[in-house]
Structures are given as C-alpha cells and as structure tokens.
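A.B. asks: Using the working numbering, read the sequence shown as starting at 60 and increasing by one per residue.
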Amino acid sequence: MGKKARLIINGKSYELPIITATDGNDAIDISRLREETGLITYDPGFGNSGSCISSISFMDGEKGVLRYRGIPIEQLAEQSSFVETSYLLINGELPTSEELSRFSLLLNDHSLVHEDMRHFFERFPRGAHPMGMLASMVNALRAFYPEIPERSEEDEINKTFARLLSKLRTLAAMSYRISMGFPVVYPSYFLSYCANFLNMMFDSTVRPYVIDDDMVQALNLFWILHADHEQNCSTSAVRLVGSARVNLYAAISAGISALWGPLHGGANQAVVEMLQAIHDNGGNVAPFIARAKDRTDPFLLMGFGHSVYKNYDPRGRIMKDMCHKFLAGHNVYDPLLDIAKRLEETVLSDPFFIDNGLYPNVDFYSGIVLRALGIPLDMFTVMFAIGRLPGWIAQWKESREDERGKLHRPRQVYCGYEERDYLPLGMRHAADRGDNSDALFRGKVRVRRTNAHSAVAIS
Ligand code: SDX
C-alpha cells in the first residue's frame, strides 16, 4: 500500500497518493484534487510542482548535484564526449562502440542543410540576433524534412534526432558566416562533431583554420555541461508545445525561443556584458554589488542565483576550472576573468548573497570560455542551445512515450470582475469605473525584480 497524504478542508478529510521518487523529492499526486475537493493548487513559477515523471536527469539543489541518466556530471565531464553524452540522454544508456560509430555516422550523413536554406539567412536584416534566426530556421526544417509519424520505426526516429542534432550545429555556423558576409563553410567528413563546428565557424580559404585539440576538448566539455537540466524553462516549453502533438521541429523552436531570455540561457551573454561594463567602469565591482542588493533596483547580478541550486552550480565549478586551465594553457589573458574572480570572491563573502543562496551558476564563467574560443558575443546563447538540444530531444521523446502524457493545460485562480452586464457606448464614463484592483492584488505587494507582482493573498 503506497504512502498517502491527508488533506483536511472545511473539516472534511481527503487522502492523496504519494509518488515515491528514486532520488530527491517524493510528490503528492494531485491529479484528482479538483475532482474530489473542488480546489486547485497555486504555485507561480511551478517551483513546487512536478510537471512529469522523468528518468533523464536529476538535480539536488541543496547539495549541488547533477546526474544524466544516473551518471554524475563530473564523471561525464572528465571522461565522455558531447556525442556520447547526447546518445546517453536520448537512449538512456552509454553506447557500445558499435552504437557510437553508427550514431556518429548518422550525424555525419545528416550534417548538410538544404541549399535553399541559405537564402533564408540572406533575407534576415543585418544585425538580426542569431537566436531569433535559429528559432526560425529550426521551424523551417519541417518544410524540408519529414516529421516523425506516430508509430515510426526506431531507425526512422533515430535518423530524425541525428538530423536535428547535426543540422542545428550547421545552421548555427551558417548564421554566423552569412551575418559576417563570409562564404559558408561546409561540414567535413573527416572532422568530429565539435571540430566540425569550429571549422565551419572559422575556416577560410586564405587562412586555413588549424584545429586545436584543446579547443575541441573545451567545446566538448562546454556542451556536455549544457546538455540537460530537468524541467528548466526551455525544456518545459518543449514539453508544453510538444504536448499539443506539434512536429518535433516546432517544439524545439519553442525551446530555443524560451532559452533566449536573459534570465535563462541569455544570461551567458548578459554576464559578459555586465563584466565588460564593470571593466569599462574602472573594474570596481562594489557599485554593481550594491545595486544587486538594492531590492528597489531591477538590476540583477547576471550569472548568480538559480531557481533550483541554492549552493554552487556543479557545472559552474567545472566551467571555472576549465576556464583557468584553458586560458593559462594558451597564455590568453582576459581582463574579464580577473573581474569575474574578484566579483565571485566579493559576492561569496557577502551575507546577502549567501543568505539568499545566490551562487555562481553555469553561465557565470561560460562566457569567458566562449570568448577564449573566439565565439562572438551574440552567438553565446546559440552555443547553449546546441548543447541543450540532446536534452530537449530526450525530454520530447520521453513525453511522447508517456502514457500519462496529456495536453498541458494549467488552471488559474481568477481574481477579475464578478459577472457584470455589457454597457452601451453612450453610458460609459471613465469616472464611473469601480476600483477593480482585485482583492488578491489590493494587499501588500512585494515588488520582486524578477517578476512584476507577487500577490500576498488576503484571507
Ligand atoms: C539558467 O532552471 C534551470 O535549470 C536553468 C539553467 C539550465 O541549465 O537550464 O540552469 C540555466 O537559466 C541559469 C540561470 C541564469 N540566469 C541568470 O544568471 C540571471 C540572474 N539570476 C536571476 O535572474 C535569478 O537568480 C534566477 C531567475 C535564475 C532565479 O530567480 P529566483 O527563482 O527568483 O531566485 P530566488 O527565489 O532564489 O531569489 C531570492 C531573492 C529574490 O529577491 P526577493 O524577490 O526575495 O526580494 O534573491 C533575488 C531575487 O530577486 N535574486 C537576485 C538574483 N537572483 C535572485 N538578486 C540579485 N541578483 C541575482 N542574480
């Protein structure tokens, strides 16, 4: 007999089943709550609500733990490759050498994009943000390549996943080359997934790009660290849009759009812009920290804080180490790294940040690594998207296979007007309007800088 939770409402007692997790939080199953009690739950930002049962990745925010299919991120960072980690996330197991070769061959065979897609890029205005272009181009892939029919063969499904993994990387490099007015560089049969990307970005007929193994390794690690992260904003967007049974490309395009936001994947670009502003302001971090602590100031310290990690983001630690090793190993001096180190030291010795669990997250050092790789600033979030794609695909696949899966359709707590009659035009006078600031918002409103309102319900 499974564990139960007891709810007492107006003296009546209700029992709700508890779902036991392998690790982390168990859950109260409220799927029958409204039917049995007439009540719904309220959880803005869904920080206390599970949207699904998943076996892909696991995070412990208090302990700073992240595992992909049970394997700690530290071990994958140390021993795996991005292609192997992508296979693990999508298929649930590390590939045998035969499976890995077959997967790599699929990625290679599907690395080109239809030539007509180049013309799409050429029609974007100069300066269009690569994330907006990428979201549009991924949606456009559906016009060139078939969708996965409901009852597809395994091979057909795997080919579609490999096609998307490979073409997103090619489209990203193409968007950069065309935005710079450079000729497009095609993927090469002789290069690995990561080396191919760097070559497609930077090769030139007049100055052939020399593949640097350290750079390839740094890019592998960067993408492994970004590959999946439970039900974050963009993954939830992929699942929500996917729940309407749209094609895979449309669901992934929704994920790219969500990731673009500066509170989410766009933070890696925002961190470097913030560090550059500190540098241009003489390198003094104090005014920026003071603004971040001032609750009336909308300024946030980019690269700090996390909806789940209230401790150091384990990916941030690995990224920081990689940063130091890579720059030292290549005699690269980046003044922003010094500023980042000073900012981190100052923040981690300030009770405001410690008490609020605001530690460096994955985005804090990642931008400095991307600068060292020569990636342009407005491509930083595109790099995050390429890394997150295997996670989005794995989550989309899991939601598609979940018998419990339904069209996502959250409820709401209505706090608008009670029923009232239509007023003919001649009888409408602004002065006659009642005070519609409804009860839920009439009370004390705490302005949170990450949201416009957070209501304190009036009992
Ligand atoms: C990613 O979800 C994922 O897994 C995301 C991600 C992934 O891999 O998919 O990990 C990738 O998005 C990482 C986060 C990147 N974003 C940033 O670095 C932007 C800066 N960070 C903040 O926007 C913020 O920390 C969030 C959005 C990430 C989390 O916001 P929450 O959930 O509101 O954080 P919280 O509840 O712990 O905040 C406690 C307090 C709040 O103040 P009050 O409203 O209580 O007055 O701390 C404040 C927050 O406003 N706060 C910050 C802050 N982050 C939170 N104050 C200053 N600077 C910050 N960075």
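Backbone N, C-alpha and C define an ideal beta-carbon position, used for all residues, glycine too.
Does the ligand SDX have a heavy atom nearer than 8 angstroms to the CB of Met361?
C.D. replies: On the sequence shown, position 302 is the one that residue 361 refers to. Answer for Met361: yes, Cβ within range of the ligand SDX.
A.B. asks: Distance, Cα to Cα, Phe520 vs Ser195?
C.D. replies: The structure shown does not extend to residue 520, since the chain is modelled only from 60 to 518, so the question has no answer here.
A.B. asks: In angstroms with no decimal places, state the Cα-to-Cα distance between Gly83 and Gly325.
C.D. replies: One-based indexing of the sequence shown puts residue 83 at position 24. One-based indexing of the sequence shown puts residue 325 at position 266. Roughly 28 angstroms between the two C-alpha positions.
A.B. asks: Jot down the residue ranges of each uninterrupted alpha helix (DSSP H) in the segment 210-288, minimum 4 residues, whole runs only, in chain order.
C.D. replies: For the segment 210-288, whole alpha helix (DSSP H) runs of length 4 or above, ordered along the chain, are 213-238, 252-261, 272-284.
A.B. asks: Can you tell me whether Cys111 sits near the ligand SDX, meaning its C-beta is under 8 angstroms from at least one heavy atom of the ligand?
C.D. replies: Position 52 of the sequence shown holds residue 111. No; taking the cut-off as 8 angstroms, the Cβ of Cys111 has no heavy atom of the ligand SDX nearer than that.
A.B. asks: Does the ligand SDX have a heavy atom nearer than 8 angstroms to the CB of His173?
C.D. replies: Counted from its first residue, the sequence shown places residue 173 at position 114. Answer for His173: no, Cβ out of range of the ligand SDX.
A.B. asks: What's the C-alpha gap between Leu322 and Gln290?
C.D. replies: Here residue 322 refers to the residue found at position 263 of the sequence shown. Here residue 290 refers to the residue found at position 231 of the sequence shown. Cα-Cα distance, rounded: 15 angstroms.
A.B. asks: If distances are taken between C-alpha atoms only, which option among Ala187, Leu66, Phe249, Asp271 comes closest to Ile237?
C.D. replies: Taking the sequence shown and counting its residues from 1, one reaches residue 237 at position 178. Among Ala187, Leu66, Phe249, Asp271, the Cα nearest to that of Ile237 belongs to Ala187.
A.B. asks: Measuring straight from C-alpha to C-alpha, what distance separates Asn167 and Val142?
C.D. replies: Reading the sequence shown from its first residue, position 108 is the one you call residue 167. Reading the sequence shown from its first residue, position 83 is the one you call residue 142. Cα-Cα distance, rounded: 11 angstroms.
A.B. asks: Using DSSP bridges, identify the partner residues of Glu74.
C.D. replies: Translated into the one-based positions of the sequence shown, residue 74 becomes position 15. Beta-bridge pairing links Glu74 to Arg65.
A.B. asks: Who are Asp168's beta bridge partners in DSSP?
C.D. replies: Taking the sequence shown and counting its residues from 1, one reaches residue 168 at position 109. DSSP lists no partner for Asp168.
A.B. asks: Counting only runs that start and end within the segment 88-169, where is the alpha helix (DSSP H) found for 4 or more residues in a row?
C.D. replies: Taking only runs of at least 4 residues, the alpha helix (DSSP H) segments lying wholly in the segment 88-169 are 92-96, 132-138, 141-150, 156-168.
A.B. asks: Give the DSSP bridge partners of Pro419, in chain order.
C.D. replies: By one-based count along the sequence shown, residue 419 stands at place 360. Beta-bridge pairing links Pro419 to Phe363.
A.B. asks: Looking at the structure shown, is Ala202 part of a helix, part of a strand, or coil, going by DSSP?
C.D. replies: As a working note, residue 202 is residue 143 in the sequence shown. If DSSP states are grouped into helix, strand and coil, Ala202 belongs with the helices.
A.B. asks: Does the Cβ-Cβ distance between His285 and Arg374 come in under 9 angstroms?
C.D. replies: Start at 1 with the first residue of the sequence shown, and residue 285 comes out as number 226. Start at 1 with the first residue of the sequence shown, and residue 374 comes out as number 315. Yes, they are a contact pair.
A.B. asks: Can you tell me whether Pro321 sits near the ligand SDX, meaning its C-beta is under 8 angstroms from at least one heavy atom of the ligand?
C.D. replies: Locating residue 321 in the sequence shown gives position 262, where the first residue counts as 1. Correct: Pro321 has its Cβ closer than 8 angstroms to the ligand SDX.
A.B. asks: Say yes only if the C-beta of Leu417 is nearer than 8 angstroms to one or more non-hydrogen atoms of the ligand SDX, and no if none qualify.
C.D. replies: The sequence position of residue 417 within the sequence shown is 358, counting from 1. Yes, since a heavy atom of the ligand SDX falls inside the 8 angstroms radius drawn around the Cβ of Leu417.
A.B. asks: May I ask you to report which of helix, strand or coil DSSP gives Ala187?
C.D. replies: The count along the sequence shown starts at 1 and reaches residue 187 at position 128. Three-state DSSP puts Ala187 in coil, outside helix and strand.
A.B. asks: May I have the straight-line CA-CA distance separating Gly301 from Glu121, to the nearest angstrom?
C.D. replies: The residue labelled residue 301 in the question sits at position 242 within the sequence shown. The residue labelled residue 121 in the question sits at position 62 within the sequence shown. Cα-Cα distance, rounded: 30 angstroms.
A.B. asks: Let me check understanding here. Comparing Cα to Cα, which of Glu212, Pro346, Gly342 lies closest to Asp356?
C.D. replies: What you label residue 356 is simply residue 297 of the sequence shown in a count that begins at 1. If we check each option's Cα against that of Asp356, Pro346 comes out closest.
A.B. asks: Grab me the residues of Gly464's own chain with a C-beta within less than 7 angstroms of its C-beta, minus the 5 sequence neighbours each way, in chain order.
C.D. replies: Within the sequence shown, residue 464 is the residue found at index 405, counting from 1. If we look at Gly464 and ignore the five residues flanking it on each side, its Cβ neighbours are Ser302, Ser458.
A.B. asks: Under the assumption that Ala231 contacts Leu193 (Cβ atoms under 8 angstroms), give the Cβ distance between them as a whole number of angstroms.
C.D. replies: What you label residue 231 is simply residue 172 of the sequence shown in a count that begins at 1. What you label residue 193 is simply residue 134 of the sequence shown in a count that begins at 1. The pair is a contact, with the Cβ atoms about 6 angstroms apart (cut-off 8 angstroms).
A.B. asks: Got a sec: does the ligand SDX put a non-hydrogen atom nearer than 8 angstroms to the Cβ of Asp422?
C.D. replies: As a position in the sequence shown, residue 422 is number 363, starting the count at 1. Result yes, Cβ under 8 angstroms from the ligand SDX.
A.B. asks: So, with DSSP's three-state summary, where would you put Ala86?
C.D. replies: For the purposes of this step, residue 86 is taken as residue 27 along the sequence shown, with counting starting at 1. Three-state DSSP puts Ala86 in a strand.
A.B. asks: What separation, rounded to the nearest whole angstrom, lies between the Cα atoms of Arg266 and Leu334?
C.D. replies: Here residue 266 refers to the residue found at position 207 of the sequence shown. Here residue 334 refers to the residue found at position 275 of the sequence shown. Straight-line Cα distance between these residues: approximately 31 angstroms.
A.B. asks: I'd like the span of the alpha helix (DSSP H) that includes Thr405, first residue to last.
C.D. replies: For this step, residue 405 is matched to residue 346 along the sequence shown. Segment 394-406, the alpha helix (DSSP H) holding Thr405.
A.B. asks: In three-state terms, what does DSSP make of Gln471?
C.D. replies: Locating residue 471 in the sequence shown gives position 412, where the first residue counts as 1. Here Gln471 sits in coil by DSSP.
A.B. asks: Per DSSP, which residues does Gln290 bridge with? Please list them.
C.D. replies: For the purposes of this step, residue 290 is taken as the residue at position 231 of the sequence shown. According to DSSP, Gln290 bridges with His288.
A.B. asks: Which same chain residues end up closer than 6 angstroms to Arg201 when comparing Cβ atoms and leaving out the 5 residues on each side of it in sequence?
C.D. replies: For the purposes of this step, residue 201 is taken as residue 142 along the sequence shown, with counting starting at 1. Around Arg201: Asn306, Tyr308.
A.B. asks: Could you tell me which of Leu250, Ser293, Phe281 sits nearest to Gly104, measuring between CA atoms?
C.D. replies: Here residue 104 refers to the residue found at position 45 of the sequence shown. Nearest of Leu250, Ser293, Phe281 to Gly104, Cα basis: Ser293.
A.B. asks: Can you name, in chain order, every residue of its own chain whose Cβ lies under 7 angstroms from the Cβ of Phe162, other than the five neighbours on each side?
C.D. replies: Here residue 162 refers to the residue found at position 103 when the sequence shown is read from its first residue. Correct list, in chain order: Val142, Tyr146, Pro154, Ala221.
A.B. asks: Based on Cα-Cα distance, which residue from Asn258, Glu403, Gly493 lies nearest to Phe249?
C.D. replies: For the purposes of this step, residue 249 is identified with residue 190 of the sequence shown, where counting begins at 1. Checking every option, the nearest Cα to that of Phe249 belongs to Asn258.
A.B. asks: Three Cβ pairs or more, each shorter than 8 angstroms: is that satisfied between the segment 411-424 and the segment 352-372?
C.D. replies: Output reads yes: the segment 352-372 touches the segment 411-424.
A.B. asks: Just the Cα atoms here: how many angstroms apart are Leu98 and Leu466?
C.D. replies: The sequence position of residue 98 within the sequence shown is 39, counting from 1. The sequence position of residue 466 within the sequence shown is 407, counting from 1. So the two alpha carbons sit approximately 20 angstroms from each other.
A.B. asks: Please state if the CB of Arg470 and the CB of Arg93 are separated by a distance shorter than 9 angstroms.
C.D. replies: Taking the sequence shown and counting its residues from 1, the one referred to as residue 93 is at position 34. Taking the sequence shown and counting its residues from 1, the one referred to as residue 470 is at position 411. Result yes, Cβ atoms of Arg93 and Arg470 sit closer than 9 angstroms.
A.B. asks: Please state if the CB of Ser140 and the CB of Tyr127 are separated by a distance shorter than 9 angstroms.
C.D. replies: As a first step, residue 127 is located in the sequence shown; it is residue number 68 there, counting from the start. As a first step, residue 140 is located in the sequence shown; it is residue number 81 there, counting from the start. Cβ distance not < 9 angstroms, so Tyr127 and Ser140 don't count as in contact.
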